[in-house]
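Protein chains in written order, with my numbering: chain A, 71 to 493; chain B, 71 to 493.
This report concerns only the one structure given below.
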């Protein structure tokens, strides 16, 4: 008898009619002979409402009390789903974070899951009950409620799947899977049947917002097979028979026939570019730039250092340094750098938010040379200027002008052979 | 250092502005040198919303899951009040029912409080923290959440006050105290400074809806001094300095100067009168009437048996039996009685919902004769017909026509010397 975890987001839990649809979907898995745990989010909008109350009560709210307040949203939906399951003849009970318990550290409002006790859960599943578990919550050692931070329900689902040895963890979302790229930009984008954890991490962190990144990292560490699939056939339609989604698995599981050099193309317009001109060309100069940013907890992404200006009568040699930071951190970055202008010794700080990062991702590039070269050639042929480049083992990213985002994604999608056959 | 419990209802918790007013009121008690526990209700309307979800999910909802859902309302307000207290410099923390814990039996959705562990609570209060405790909830032996039934937060407050040895339990409500009668009927009704537990029970059960009856019974049993006072000066005004309310205490605490024969006059229009005609006048006949009503869990209140019709040629002697039941149970009562017509042997069932029960209540009548007589005379002088009478040690009740309710209350209020001096 296989064990599976099913996770439903806030849109799927928004109101009793939708909760009933979820119950019907769960019943099908039970009738297929599975032992099922369901992890649920709060009703869409509810967590925002509760967070709003906390902020209104005090801008500097105590995160321990915040967790008491916001965890109530998932408590409500877990009880309601248990009732809806019982109403269609499926034995079910809710297990709150402190009841299982799901142990976490004491980082209130952004806790990390430690261990999950499974004795009671095992007994309940073996007795034929569906376990309904509120996502996003746990309990700290002292017995106080914790929450995992926004989007933490995906992580809860993967952690529960790992603890109970589930065959897979099905994440029902607003999208029906992971695509080769954003279908709003490329109508001929294809849904991927399989994708590796590493690729999913790269695709998620560069803009394909399907799963919380933390949950993918945990799934990789614990070897939990995750499936992303749609809870709706249309934006407001009740959940019908679900089409197969995308399986996120280890590289060894990817079927040979599925293997391609490039799995997907992501874009991210939330980067900002900063250039410091005439930084002295001497040891320690680059460290002087990035230390104040690290102190301000700002993640620097792409870094390029131009050819040095030659030393001469005008003084010692110097160089321009360009890098990107998250757009939301731009103002703080400028403050930090200007505050350190004396130590760094740059002439001018130039910034630009009208940039986009385009990434091609695929585990196949480990064994295929020429991926980066093909990317640069393709973009160059269309006159798209590359402002910065960064690479990892399974990803090549370039920074371009924001206005060229859609063009770049489309030509690359075609160039790497990702376009679906015309219907 | 005195310990007190403060309890705030849903109207006082309806929104952050009001929660801030509550926090300010709590701060005053802390600054007066008291150790304070606060028991809170859910935001006004929230419990109805959550109950509505449960009913929509299934008419026959599991009360264990219902308790998981509806207890979330008080969880939210307890966290928010703790945040609001901290924001004005008052150390505070929330203690959920399962955290203290507040042990209850396993009668989910209508649980009764057993014991309350006070070790953690004592430590917290002694450390100078305000303890914020959600009303209405507890935890059963197996570790599942329970709720006490609607209005249970008053009972929570009294139980917490008893457990922590509080000097008094202040219940902040929409009214500013207990009155000699309904001020909407008698503008010269007076607010009582003190009232005994027994009187409060009689006044509450016959219509003066201020406190949940169960909480008064518990206060009497545990000797908890309860004060009813207003959280508002006007229906929507923020809580200002609170006027003294009404203390509910043991009879021995009532000051001699306060003692009156009659404390208050209550009315209740929610009764229905049933008359069964020509019930055989023989042993066991009355038992045959009330057994089916008891089986249907219907509380019969006033009972009168008319003079028997004489036995003669028409058959054995017979009698008419009249009694009252709660108006909400009338239909079920008629069904039960008609179903037993064979055993009872009555001729006709006549019912009347246009009746009202008027009660005069006072511990003083124990030592004063003539209270009932004065009541009958006063009503008779105004031509008000009495349809039934019942008495207890501290109460005389009569059943009259509904249209005469206000007149009866006014003339009795004057006759027993309860009218306030004209201002």
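Note that CB positions come from ideal geometry on N, CA and C, so glycine has one too.
From a predicted model like this one, the values you see are computed outputs, not experimental measurements.
In this structure, residue 110(B) and residue 204(B) form a Cβ contact; the two beta carbons are roughly 6 Å apart against a cut-off of 8 Å.
Counting the other Cβ atoms within 10 Å of the Cβ of residue 196(A) gives fewer than 16, which makes it exposed. Shown here, residue 181(A) sits in coil according to DSSP, grouped into three states, outside any helix or strand.
Put simply, the CB of residue 211(A) is far from chain B, with every gap to its CB atoms at 7 Å or more. Under DSSP, the beta-bridge partners assigned to residue 336(B) are 429(B).
When only Cα atoms are considered, residue 88(A) and residue 97(A) end up about 14 Å apart.
Chain order gives no chain A residues near residue 103(B), where near means a beta carbon separation below 7 Å; the closest approach is about 25 Å. The beta carbons of residue 340(A) and residue 397(A) sit about 5 Å from each other, so the pair counts as a contact at 8 Å. Taking the beta carbon of residue 164(B) as reference, the chain A residues within 7 Å of it are 135 and 138, listed in sequence order. In the DSSP annotation of this structure, the continuous segment of the alpha helix (DSSP H) that includes residue 95(B) starts and ends at 86–101.
Cβ-Cβ distances below 6 Å link residue 371(A) to 394 in the same chain, with the five nearest sequence neighbours on each side left out; the list follows chain order. By the rule that beta-carbons nearer than 7 Å mark a contact, residue 149(A) touches chain B. By the neighbour-count definition (other C-beta atoms within 10 Å, threshold 16), residue 288(B) is a buried residue. Going by DSSP, residue 149(B) is part of no beta strand (DSSP E) but of the alpha helix (DSSP H) stretching over 142–157. The continuous alpha helix (DSSP H) containing residue 195(A) extends over residues 189–196.
By the rule that beta-carbons nearer than 7 Å mark a contact, residue 127(B) touches chain A. Residue state for residue 483(A) is assigned as helix, using DSSP reduced to three classes. One Cα belongs to residue 358(B), the other to residue 342(B), and the distance between them is close to 20 Å.
Listed in chain order, the non-local C-beta contacts of residue 90(B) below 6 Å within the same chain comprise 154, local neighbours out to five positions each way being set aside. Contact with chain A is found for residue 132(B), since one of that chain's Cβ atoms lies less than 7 Å from the residue's Cβ. 7 Å or more divides the Cβ of residue 332(A) from the Cβ of residue 479(A). With a threshold of 7 Å between beta carbons, residue 203(B) makes no contact with chain A.
In this structure, the beta-carbon distance from residue 117(A) to residue 138(A) does not fall below 7 Å.
Distance check between residue 213(A) and each of 223(A), 187(A), 232(A) and 174(A) places 174(A) closest, using alpha-carbon atoms only. Separation of residue 99(A) and residue 202(A) (C-alpha to C-alpha, rounded to the nearest whole angstrom) is 14 Å. The Cβ neighbour count for residue 443(A), taken over all protein chains shown within 10 Å, is under 16; the residue is labelled exposed. Counting C-beta atoms within 10 angstroms of its own C-beta, residue 420(B) has fewer than 16 neighbours from the protein chains shown and is therefore classed as exposed.
The beta-carbon of residue 206(B) is placed no less than 7 Å from the nearest beta-carbon of chain A. Residue 454(B) is outside the set of residues whose beta carbon lies under 7 Å from a beta carbon in chain A.
The beta carbon of residue 477(A) sits closer than 8 Å to those of 452 and 454, all from its chain and outside the five residues before and after it, given in chain order.
In summary, residue 435(B) is buried, with 16 or more beta-carbon neighbours lying within 10 Å of its beta-carbon over all protein chains present. For residue 290(A) and residue 462(A), the gap between their C-alpha atoms comes out near 18 Å. Close partners of residue 123(B) in chain A (Cβ separation under 8 Å): 86, 146 and 150. Scanning chain B for C-beta atoms nearer than 7 Å to the C-beta of residue 153(A) yields 124, 127, 128, 131, 132 and 135, reported in chain order. Assignment of residue 174(B) by DSSP, reduced to helix, strand and coil, places it in the strand class. Scanning 168(A), 272(A), 121(A) and 171(A) for the CA closest to the CA of residue 149(B) turns up 121(A).
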